[in-house]
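In what follows, a single structure is set out as structure tokens and then discussed.
In the working numbering, the protein residues as written are 1 to 134.
Next comes the structure, spelled out in structure tokens:
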């Protein structure tokens, strides 16, 4: 099971890196995809900074797959981050209403969050407790 989850994490890492690079070089297309319209240098910078951060997340996931000592922690932190995206999207739906296009975003965010959190749990090293009763 852990090997399957690690393979899924590797696929997510590649997808995140690809999307991060895409967002850096194709900001205008990204705007059409997200419903955001960047205005001027600040708007372009903001979109590249936020969505380009997915490149960093992907690189961190690859690093975690190569380094078991930090794997669980990195996977859990990024998984919780994606769960946070879902939480904030739900807040937005409560405040602003639902648009059908949000379904794909919520679905993909849920997949990423679940895969990373499950993979993080599987990667945890067993804790050897020292009994004080011995």
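All C-beta atoms, glycine included, are put in the ideal place defined by N, C-alpha and C. Source: prediction; values computed, not measured.
field: Contact under 8 Å by Cβ, residue 122 with residue 9
entry: no
As assigned by DSSP and simplified to three states, the class of residue 39: coil
query: Any idea if residue 142 is buried or exposed, counting beta-carbon neighbours within 10 angstroms, 16 or more meaning buried?
result: Since the first residue of the chain shown is 1 and the last is 134, residue 142 is not available in this structure.
- prompt: Between residue 4 and residue 119, what straight-line distance do the alpha-carbon atoms span, to the nearest angstrom?
  reply: 9 Å
task: State the Cα-Cα distance for the pair residue 146 and residue 77, rounded to the nearest angstrom.
output: With the chain covering 1 to 134 only, the question about residue 146 has no answer from this structure.
task: Enumerate, from N- to C-terminal direction, the unbroken beta strand (DSSP E) stretches of 3 or more residues contained entirely within the stretch 5-36.
output: none
- request: Pick out whichever of 66, 107, 55, 73 has its Cα sitting closest to the Cα of residue 85.
  value: 107
- prompt: So is residue 50 buried or exposed if we call it buried at 16+ other beta carbons inside 10 Å?
  reply: exposed
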